[in-house]
Amino acid sequence: MTTTIVTLLAVIAFLAFVFFKTKADRKPSGKFHNDGRRKTFKDFQKEQLENDPNGLYGEAAAAQSLARVCDDDGRIYGLMKNLYIPSHGGTTEVDALILHQSGIYVLESKNISGEITGGLDEERWNQRLNARTEHTFHNPIHQNAGHIRALKHYLKENYSRSELNVDSLPIFSTIVFSDRCVLKRVPARGEDWMVLHLFQMKEKMAGILKSRRTIFNKSQLEDLYAKLKPCMQASARTKAEHLNYIKSAHLFHTFLY
């Protein structure tokens, strides 16, 4: 009798072990840490940033934030991302732009951390991570101004002056920095540009949209979108050539130790 009970308990213990092990193994690995703890929203954000060395997550977050502002505005708009626009024999990449009934909004995203300093007329800005590590990067206001010049040139080649007066188009430059950085001694606003944190997007851009009158109808926006759509369909070769151009132009961060 005793042997039967011991055997029965052993079988129950074995089945319980198999059941709980199988249940643990079925946990979606993406939702749990290695020690079994469920990941929080902050954990997912951290992973996305760590696995995003080129800042694509930051670009997407900034673009979607601006799109939500446009949703609240209520007028017609179109979101376009990662446009490769012809420029000086190569291409220049626009992170994102909004074609809105009140104008065109060109977005430059900086998904970086640290203390950021830089002046309006300075060619390069500084990113200080700690006492020993600093990087410099191209002035984003100038950088986005270059994107806008390329955009205007492209539109002039695709529209006659009677169809669209490109020079009079209201085009607004929006430079968005990650909330993980500190903007210190950085210009915040000009007549047609703004530098801000991602968390400021809703309030600041809502005010900009509200202050601007409607100039495009639905048909005009659709035509603009169609003209620019080829720029979103860049080939792998075009993307590689763009990367080589950036390297040759020394636009990558410079490391100072």
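Adding 3 to a residue's 1-based position in the sequence shown gives its number in the working numbering.
Every residue, glycine too, gets a C-beta built ideally from N, C-alpha and C.
Supposed contact pair residue j and residue i - C-beta distance, whole angstroms, cut 8 angstroms
{"i": "ILE144", "j": "ILE178", "result": "6 angstroms"}
{"i": "LYS187", "j": "VAL169", "result": "That pair is no contact at about 36 angstroms."}
{"i": "THR95", "j": "HIS141", "result": "Not a contact, Cβ separation roughly 12 angstroms."}
{"i": "LYS205", "j": "MET197", "result": "About 13 angstroms; that fails the 8 angstroms criterion."}
{"i": "LEU100", "j": "LEU86", "result": "7 angstroms"}
Cross-strand partners of residue i (DSSP beta bridge)
{"i": "ARG127", "result": "HIS141"}
{"i": "THR177", "result": "LEU110, MET197"}
{"i": "LEU186", "result": "ILE119"}
{"i": "GLU97", "result": "Inspection of the sequence shows that residue 97 is occupied by Val rather than by Glu. VAL97 is bridged to LEU86."}
Backbone secondary structure at residue i - three-state DSSP
{"i": "GLY121", "result": "coil"}
{"i": "ILE15", "result": "helix"}
{"i": "SER132", "result": "Sequence inspection shows Leu at residue 132; the Ser mentioned does not correspond to that position. It is coil, neither helix nor strand."}
{"i": "HIS103", "result": "strand"}
{"i": "ARG192", "result": "strand"}
{"i": "SER163", "result": "coil"}
{"i": "LYS26", "result": "Model confidence at LYS26 stands at a pLDDT of 49, short of 50, so the residue's coordinates are unreliable; what they give is reported in the following sentence. Helix."}
{"i": "ASP38", "result": "coil"}
{"i": "SER171", "result": "helix"}
{"i": "PHE44", "result": "Bear in mind that the predicted position of PHE44 carries a pLDDT of just 43, short of 50, making it too unreliable to give a figure here."}
{"i": "SER222", "result": "helix"}
{"i": "GLN203", "result": "helix"}
{"i": "ARG215", "result": "coil"}
{"i": "GLN236", "result": "coil"}
{"i": "GLN51", "result": "Unreliable positioning characterises GLN51 in this predicted model, as indicated by a pLDDT of 49, which lies under 50. A coordinate reading is not provided."}
Distance CB(residue i)-CB(residue j) smaller than 8 angstroms
{"i": "SER181", "j": "ASN114", "result": "yes"}
{"i": "LEU199", "j": "SER68", "result": "no"}
{"i": "THR136", "j": "ARG127", "result": "no"}
{"i": "ILE119", "j": "CYS234", "result": "no"}
{"i": "ARG215", "j": "PRO173", "result": "yes"}
{"i": "ASP98", "j": "SER116", "result": "no"}
{"i": "LEU227", "j": "LEU102", "result": "yes"}
{"i": "ILE1", "j": "LYS221", "result": "The chain is shown from 4 up to 260; residue 1 falls before or after that span and cannot be answered."}
{"i": "SER3", "j": "VAL109", "result": "Within the shown structure, residues of the chain are numbered from 4 to 260, placing residue 3 beyond reach of any answer."}
{"i": "ALA153", "j": "SER90", "result": "yes"}
{"i": "ALA66", "j": "LYS84", "result": "yes"}
{"i": "ASP75", "j": "ALA209", "result": "yes"}
{"i": "ASN133", "j": "LYS230", "result": "no"}
{"i": "VAL72", "j": "LEU212", "result": "yes"}
{"i": "VAL189", "j": "GLY121", "result": "yes"}
Closer than 7 angstroms: residue i CB and nearest the ligand MN heavy atom
{"i": "VAL189", "result": "Only the bare structure without any ligand can be found here, which leaves the ligand MN out of the picture."}
Extract the residue ranges of the beta strand (DSSP E) inside the segment 56–91, only unbroken runs of 3 or more that lie entirely within it.
As far as the segment 56–91 is concerned, its whole beta strand (DSSP E) runs of at least 3 residues are 80–90.
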